[in-house]
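J.: Using the working numbering, the first residue of the sequence shown is number 43, and each one after it goes up by one. Where is the CB? At the ideal position from N, CA and C, for every residue including glycine.
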Amino acid sequence: MDLIKTLFLLLSVGGTLAQDALPPGPVYAVLGSNVTFNTTLGRGVSFITVSWSFSDGSELVPVVSMAGTTSHEGDDFVGRVSIDTRTGALRLGPVKQSDNGDYSVNIVDSDAVTQTGETSLRVLGECLWGGGGGVRGVSDVTCCSDSVAMATT
Ligand SMILES: *[C@@H]1O[C@H](CO)[C@@H](O)[C@H](O)[C@H]1NC(C)=O
Ligand SMILES: *[C@@H]1O[C@H](CO)[C@@H](O)[C@H](O)[C@H]1NC(C)=O
Numbered sequence: 043m044d045l046i047k048t049l050f051l052l053l054s055v056g057g058t059l060a061q062d063a064l065p066p067g068p069v070y071a072v073l074g075s076n077v078t079f080n081t082t083l084g085r086g087v088s089f090i091t092v093s094w095s096f097s098d099g100s101e102l103v104p105v106v107s108m109a110g111t112t113s114h115e116g117d118d119f120v121g122r123v124s125i126d127t128r129t130g131a132l133r134l135g136p137v138k139q140s141d142n143g144d145y146s147v148n149i150v151d152s153d154a155v156t157q158t159g160e161t162s163l164r165v166l167g168e169c170l171w172g173g174g175g176g177v178r179g180v181s182d183v184t185c186c187s188d189s190v191a192m193a194t195t
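#1: Relative to the alpha-carbon of S165, which residue among Q139, D151, N148 and D153 has its alpha-carbon at the smallest distance?
#2: Which residue's Cα is closest to the Cα of V120: V137, P68, T127 and G130?
#3: Using the rule of at least 16 other Cβ atoms within 10 Å of the residue's Cβ for burial, across every protein chain shown, is T112 buried or exposed?
#4: Report the rounded CA-to-CA distance for S95 versus P68, giving the unit in angstroms.
#5: Mapping DSSP to helix, strand and coil, what is S75?
#6: In three-state DSSP terms, what is D144?
#7: Output needed for P65: all residues of its chain with C-beta closer than 7 Å, excluding positions within five of it in sequence on either side, in chain order.
#8: For A149, collect the residues of the same chain with a Cβ closer than 6 Å to its Cβ; drop the 5 residues on either side in sequence, then sort them by chain order.
#9: Cα separation between L73 and L163?
#10: Around the Cβ of D141, are there at least 16 other Cβ atoms within 10 angstroms (buried) or fewer (exposed)?
#11: Using beta-carbon positions only, say whether D126 and L134 come within less than 9 Å of one another.
#12: Would D151 and V87 be called neighbours here (beta carbons separated by less than 9 Å)?
#13: Quick check on DSSP: helix, strand or coil for D153?
See below:
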């Protein structure tokens, strides 16, 4: 039974997978603020499990996952994340510079359909503080647009 369920989930991952669980990004957040990654789940659809992952470009790490009333927070996100139990939306904050990167979600909805989505978080702020805490000015603005440009490549 469990094996069949697993096979079904794997099949749905490879096959008719809904790829639009998240609205188009990126999402911008100021350093130290809270941000919500909304999902497109709604209209009476609930979820069985939801799992958020983060990648800074190298490895994929868990952010938070929830099944029923049980949730588990990834090491880098303990105490900074929560999941909207109605929509599966991820609330993250206060945002750290290291949160800059790609976020993906995997939702198994109440019809046992797997829905996935991907978006990016652009953390703004290091440049507002002048990087190393030095002089603020034109170079800070350059720094900021550089980091945004770098982050999008
Ligand atoms: C972020 O959310 C937490 C918990 O809900 C709240 O206590 C805090 O005031 C919020 N911070 C900001 C900057 O909105
Ligand atoms: C998510 O939805 C809330 C409430 O509608 C809104 O305030 C927030 O800006 C949204 N988040 C994003 C990243 O659009």
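T.: Answer, in terms of the structure:
#1: Position 123 of the sequence shown, counted from the start, is the residue given in the question as residue 165. Looking at the sequence provided, one finds Val at residue 165 rather than Ser. The residue with the shortest Cα to Cα distance from V165 is Q139.
#2: For the purposes of this step, residue 120 is identified with residue 78 of the sequence shown, where counting begins at 1. When only C-alpha atoms are compared, the closest one is V137.
#3: Within the sequence shown, the letter at position 70 stands for residue 112. Flag for T112 reads exposed.
#4: Here residue 95 is taken as the residue at index 53 of the sequence shown, counted from 1. Here residue 68 is taken as the residue at index 26 of the sequence shown, counted from 1. Taking the straight line from one Cα to the other gives about 16 Å.
#5: In the sequence shown, the residue the question calls residue 75 occupies position 33. S75 falls in the coil class under three-state DSSP.
#6: To locate residue 144, count along the sequence shown from 1; it is residue 102. Note: D144 maps to strand in three-state DSSP.
#7: For this step, residue 65 is matched to residue 23 along the sequence shown. Excluding positions up to five away in sequence, the list reads N80 and T82.
#8: Residue numbering aside, residue 149 sits at position 107 when the sequence shown is read from its first letter. Residue identity check: residue 149 is Ile in the sequence provided, not Ala. Closer than 6 Å at the Cβ level, and outside the excluded window around I149, lie A63, F89, V92, G130 and Q157.
#9: For the purposes of this step, residue 73 is taken as residue 31 along the sequence shown, with counting starting at 1. For the purposes of this step, residue 163 is taken as residue 121 along the sequence shown, with counting starting at 1. Taking the straight line joining both Cα atoms gives about 11 Å.
#10: Here residue 141 refers to the residue found at position 99 of the sequence shown. Flag for D141 reads buried.
#11: For the purposes of this step, residue 126 is identified with residue 84 of the sequence shown, where counting begins at 1. For the purposes of this step, residue 134 is identified with residue 92 of the sequence shown, where counting begins at 1. No, Cβ-Cβ distance for D126 and L134 is not below 9 Å.
#12: As a first step, residue 151 must be located in the sequence shown, where it is residue number 109. As a first step, residue 87 must be located in the sequence shown, where it is residue number 45. Taking 9 Å as the Cβ cut-off, D151 and V87 qualify as a contacting pair.
#13: Translated into positions along the sequence shown, residue 153 becomes position 111. Looking at D153 - three-state DSSP - the assignment turns out to be coil, as it is neither helix nor strand.
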